[in-house]
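K.L.:
I am attaching a structure below and will ask some questions about it afterwards.
Numbering (the numbering used here), first residue to last: 7 to 273.
If you want it as structure tokens, here you go:
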């Protein structure tokens with residue numbers, strides 16, 4: 007079994023702590039990667055967050071698959087058997103805010119939930135490992151901050167489960183390239199989606215259509231240029247993706263309620 011385990015204490019047993027004198031405390035953290043089956047059984051005084059990256063873990067009352075999480079509350083007996091190649095991340099934590107923060111993240115104690123595999127959560131665990139290795143005066147509080155990030159990212163992915171992941175590649179591309187012609191078919195291809203599915207997903211996550219989102223970015227940039235530069239309206243129109251000044255002025259007035267030059271005079 008390949009494991010990485012990190013403690014602030016000298017001995018593993020000393021890391022099984024309940025501490026109600028602090029809001030939040032990370033007791034220990036680690037990762038397990040195994041090609042053969044293995045089993046574990048225990049009960050602890052702290053919270054136990056498990057995040058499965060690969061394989062299958064048969065628990066006493068459920069089975070965890072890739073992308074599943076479970077958080078055991080203090081005092082809860084847990085036991086599990088892995089099947090085949092398995093990898094998971096784990097963290098134990100305590101504190102008088104631990105229960106409320108866990109529930110605020112949408113986590114149901116002692117129950118399997120699915121969030122998928124996400125690189126930002128994996129990255130947070132790697133940061134935790136690093137802070138345990140550094141183990142200086144700031145490490146303990148930094149570990150608490152990183153644990154909060156893990157719970158927040160978990161909450162985000164639990165909330166997004168019903169409507170899928172946001173079309174981030176397309177949205178990021180629009181923010182980078184709104185000055186250029188933008189083809190909706192190309193945006194859909196970035197997300198490996200049909201145009202219809204892409205438009206639906208985009209509106210679910212932004213509240214507007216892709217075209218409306220592009221226009222909003224262009225008009226926002228135009229407002230900034232009008233208020234902060236002496237550029238002509240035609241130059242600003244070209245800068246934000248409208249070679250036709252008159253078309254730009256018409257769109258600007260429709261969105262802002264006034265023509266570009268009047269906006270400038272009122273800025």
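Think of the CB as a built atom: it goes at the ideal place given N, C-alpha and C, for glycine as much as any other residue.
(1) Sort 59, 33, 45 by Cα distance to residue 121 and report the nearest one.
(2) So, with DSSP's three-state summary, where would you put residue 33?
(3) Express the C-alpha separation of residue 68 and residue 117 in angstroms, rounding to a whole number.
(4) Quick one: grab the DSSP three-state call for residue 204.
(5) With burial defined as no fewer than 16 other Cβ atoms inside 10 Å of the residue's Cβ, what is the status of residue 90: buried or exposed?
(6) Distance check for residue 219 and residue 249, CA to CA, integer angstroms please.
(7) On the DSSP bridge list, what partners appear for residue 74?
(8) Spell out a yes or no on whether the stretch 205-222 and the stretch 172-188 are touching, meaning 3 or more CB-CB pairs, one atom from each, closer than 8 Å.
(9) Counting pairs of Cβ atoms below 8 Å between the stretch 45-54 and the stretch 74-91, do you hit three or more?
(10) For my contact list, residue 190 and residue 180 are in at a C-beta cut-off of 8 Å; report their separation, rounded to the angstrom.
(11) I think residue 231 touches residue 221, with their Cβ atoms under 8 Å apart; what is that distance to the nearest whole Å?
(12) Sort 42, 164, 202, 97 by Cα distance to residue 110 and report the nearest one.
(13) On the CB-based measure, 16 or more other CB atoms within 10 Å of its CB, does residue 98 come out buried or exposed?
(14) Which residues in the same chain as residue 261 place their Cβ atom closer than 6 Å to its Cβ, once the five residues preceding and following it in sequence are excluded?
(15) Should residue 70 go down as buried or exposed, given a rule of 16 or more other Cβ atoms within 10 Å for buried?
(16) Return the CA-CA distance between residue 73 and residue 119, expressed in angstroms with no decimal places.
(17) Whole angstroms is fine: what's the gap from residue 112's alpha carbon to residue 56's?
(18) With a threshold of 16 other CB atoms inside 10 Å of the CB of residue 66, please say whether the residue is buried or exposed.
(19) Give the straight-line distance between the Cα atoms of residue 254 and residue 263, rounded to the nearest whole angstrom.
P.N.:
So, to answer that:
(1) The residue you call residue 121 lines up with position 115 of the chain shown. For the residues 59, 33, 45, the minimum Cα distance to residue 121 belongs to 59.
(2) Taking the chain shown and counting its residues from 1, the one referred to as residue 33 is at position 27. Strand.
(3) Locating residue 117 in the chain shown gives position 111, counting from the first residue. Locating residue 68 in the chain shown gives position 62, counting from the first residue. Spanning the two alpha carbons is a distance of roughly 8 Å.
(4) If you number the chain shown from 1, residue 204 lands on position 198. If DSSP states are grouped into helix, strand and coil, residue 204 belongs with the helices.
(5) Position 84 of the chain shown holds residue 90. Under this definition residue 90 is an exposed residue.
(6) On the chain shown, residue 249 is found 243 positions in, with the first residue counted as 1. On the chain shown, residue 219 is found 213 positions in, with the first residue counted as 1. In a straight line, the C-alpha of residue 249 is about 19 Å away from that of residue 219.
(7) Taking the first residue of the chain shown as 1, we reach residue 74 at position 68. Residue 74 pairs with 120.
(8) yes
(9) yes
(10) For the purposes of this step, residue 190 is taken as residue 184 along the chain shown, with counting starting at 1. For the purposes of this step, residue 180 is taken as residue 174 along the chain shown, with counting starting at 1. Going by Cβ atoms, the distance from residue 190 to residue 180 rounds to 11 Å, so no, they are not a contact pair.
(11) As a position in the chain shown, residue 231 is number 225, starting the count at 1. As a position in the chain shown, residue 221 is number 215, starting the count at 1. Not a contact, Cβ separation roughly 16 Å.
(12) Along the chain shown, one-based indexing puts residue 110 at 104. Considering only alpha carbons, the answer is 164.
(13) Here residue 98 is taken as the residue at index 92 of the chain shown, counted from 1. Per the 10 Å Cβ criterion, buried.
(14) Translated into positions along the chain shown, residue 261 becomes position 255. These residues qualify, in order along the chain: 225.
(15) Locating residue 70 in the chain shown gives position 64, counting from the first residue. By the neighbour-count rule (16 or more Cβ atoms within 10 Å), residue 70 is buried.
(16) Residue 73 sits at position 67 when you count from the first residue of the chain shown. Residue 119 sits at position 113 when you count from the first residue of the chain shown. Roughly 9 Å separates the two Cα atoms.
(17) Along the chain shown, one-based indexing puts residue 112 at 106. Along the chain shown, one-based indexing puts residue 56 at 50. Each residue's alpha carbon lies about 15 Å from the other.
(18) What you label residue 66 is simply residue 60 of the chain shown in a count that begins at 1. Result: exposed.
(19) Counting from 1 along the chain shown, the entry for residue 254 is found at position 248. Counting from 1 along the chain shown, the entry for residue 263 is found at position 257. Computed Cα separation, rounded: 13 Å.
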